[in-house]
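In the numbering used here, the protein residues as written are 19 to 226. Note that the Cβ used here is the ideal one computed from N, Cα and C, for glycine as well. To keep things clear, I will list the structure first and then write my remarks on it.
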Amino acid sequence: MHKFNPEHLHRLDNEERLELFDPEKTLKQFGLKPGYKVLDIGTGAGFYLPYLSKIVGPEGKVYAIDSQPAAVEYAKNKVEKLCLQNVVVLQSEENKIPLPDKIIDFAYMAFVFHELTNPGEFLSELLRVLKPGALISIIEWKKEDRDKGPPKEEVPSEWELGLALEDVGIKVGRMIELGKYCYGVYAVAPDPELEQKMNNPIKIPPAL
Ligand code: SAM
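Structure representation (structure tokens):
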């Protein structure tokens, strides 16, 4: 898949992108709360880090990862410049996230899914670091002719994205339209304990 050209990172760090959607409103709508541990997948220039950092607050933590060293360096500089104390930027590999199992409450992936080389493999690795029942929010370009973003042939439709998530056992909650150019997918990581309880409801003993 075509990766974002790191020479253009500064283009991602542009307030004009706020015209696409309102990050704070959208992240709250997706269920992000103070105290959460967040994973910003493919952080790029770290454009969304100030919003993620503000919402999770001092009790929370933001892990930002990117597979391209130039993006990691750019985002690290941004975090330092803005003194975002609850944010750490880490170098990742294509299908390897440098974090221990089951620590993340909320995964955020904006304009990255269409760049994944092997979505199934990446999502399985993502599931490893997510807590059971963690929230996943994915934002992508609409698969239609646009005057911004990559060509429609290079991005997944809402339907294709939903199927890729369900293939690895992630439950798709809902899809929302985010303005003229993008859509958002709200999904949940499997929670085997909860599913077990739902399948085996407490049995009320018959009256004697
Ligand atoms: N999310 C940021 C934003 O919206 O401002 C950056 C979006 S940029 C179009 C996509 C970023 O995802 C690039 O920085 C690229 O290096 C990164 N990326 C692509 N595949 C990745 C992967 N498998 N793991 C981590 N980062 C990845």
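Among residues of its own chain, excluding the 5 on either side of residue i, which ones have a beta-carbon nearer than 6 Å to its beta-carbon?
i	result
residue 75	52
residue 183	190 and 205
residue 61	82, 84 and 93
residue 211	none
residue 30	62, 63 and 65
Can you tell me whether residue i is buried or exposed? The criterion is at least 16 other CB atoms within 10 Å of its CB, across all chains shown.
i	result
residue 135	exposed
residue 101	exposed
residue 197	exposed
residue 10	Look at the range of the chain in this structure, 19 to 226, and you will see that residue 10 is not part of it.
residue 58	buried
residue 33	exposed
residue 114	exposed
residue 158	buried
Would residue i and residue j be called neighbours here (beta carbons separated by less than 7 Å)?
i	j	result
residue 70	residue 90	no
residue 132	residue 186	no
residue 104	residue 78	yes
residue 188	residue 147	no
residue 160	residue 126	no
residue 48	residue 175	no
residue 181	residue 203	no
residue 45	residue 73	yes
residue 24	residue 109	no
residue 296	residue 199	In the structure as shown, the chain begins at 19 and stops at 226. Residue 296 is therefore absent and cannot be evaluated.
Where do the N-terminal and C-terminal ends of the alpha helix (DSSP H) with residue i fall, by residue?
i	result
residue 72	67-74
residue 210	210-217
residue 132	That residue, residue 132, is in no alpha helix (DSSP H); it is neither H nor E in DSSP.
Could you tell me if the beta carbon of residue i falls within a distance shorter than 6 Å of some heavy atom in the ligand SAH?
i	result
residue 56	As for the ligand SAH, it is missing from this structure, which binds only the ligand SAM.
Secondary structure at residue i, three-state DSSP: helix, strand or coil?
i	result
residue 12	Outside the shown range of the chain, which is 19 to 226, sits residue 12, and nothing can be said about it.
residue 164	coil
residue 46	helix
residue 173	coil
residue 90	helix
residue 124	strand
residue 244	This structure leaves residue 244 out entirely; the chain is present only between 19 and 226.
residue 57	strand
Only counting the same chain, and skipping five residues up and downstream in sequence, which positions put a Cβ closer than 7 Å to that of residue i?
i	result
residue 35	65
residue 163	170
Taking residue i as part of the beta strand (DSSP E), name the residues at either end of that continuous run.
i	result
residue 149	148-159
residue 100	Note, residue 100: premise wrong, no beta strand (DSSP E); not H, not E.
residue 192	189-196
residue 84	79-84
residue 205	200-206
Is there a C-beta anywhere in chain B that falls below 7 Å from the one on residue i?
i	result
residue 169	As a matter of chain content, chain B is missing from the structure shown, which is built from one protein chain.
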